[in-house]
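Worksheet: the structure to be examined is printed underneath.
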Amino acid sequence: MVTPTSPNQVDIHQVKNKLSSILDFQGRKAEQVKQVLVSAAITRDSVENKAKQYCISPQTVRNYVEQTVIDKIMERIKKPSIKNLI
Numbered sequence: 001m002v003t004p005t006s007p008n009q010v011d012i013h014q015v016k017n018k019l020s021s022i023l024d025f026q027g028r029k030a031e032q033v034k035q036v037l038v039s040a041a042i043t044r045d046s047v048e049n050k051a052k053q054y055c056i057s058p059q060t061v062r063n064y065v066e067q068t069v070i071d072k073i074m075e076r077i078k079k080p081s082i083k084n085l086i
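To convert, note that position 71 of the sequence shown is 71 in UniProt numbering; the numbers rise steadily by one, no gaps.
Set out below in structure tokens:
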């Protein structure tokens, strides 16, 4: 049995906090999306199942992730391109 003060529970809480701080989503449902992704990763469950538990559409989670990935790719493309122009 895992008690709230057991090392395992503390480790999971620390991992959740660290993962949440790494994820950088902007928008109205950003916090819910973070919770879904972190929870799914830690429990090795599907994003769809966790999204339902957090009362958010799985499509919304996918949209947030897709937009963030696109933004990061564009940012990485811009940096070398600007250096080449200079």
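No residue lacks a Cβ here, since even glycine has one placed at the ideal position from N, Cα and C. Bear in mind that the values here come from a model prediction, so they are computed numbers and not experimental data.
| In the structure shown, what three-state DSSP assignment does Ser57 receive? | Residue state, collapsed to three classes: coil.
| message | Between the alpha carbons of Gln67 and Pro58, how many angstroms are there, rounded? | response | Cα atoms of Gln67 and Pro58: separation of roughly 14 Å, rounded to the nearest angstrom.
| field | Neighbour-count burial assignment, Lys79, 16 or more Cβ in a 10 Å radius | value | It is exposed - the Cβ of Lys79 has fewer than 16 other Cβ atoms within 10 Å.
| For Val61 and Ile51, believed in contact at Cβ under 8 Å, the rounded distance | First, the amino acid is wrong: residue 51 is Ala here, not Ile. Distance from Ala51 to Val61 at the Cβ level is roughly 5 Å; contact confirmed, criterion being Cβ atoms closer than 8 Å.
| said: To the nearest angstrom, how far is the alpha carbon of Glu75 from that of Asn17? | reply: Across the structure, Glu75 and Asn17 are spaced so that their CA atoms are roughly 26 Å apart.
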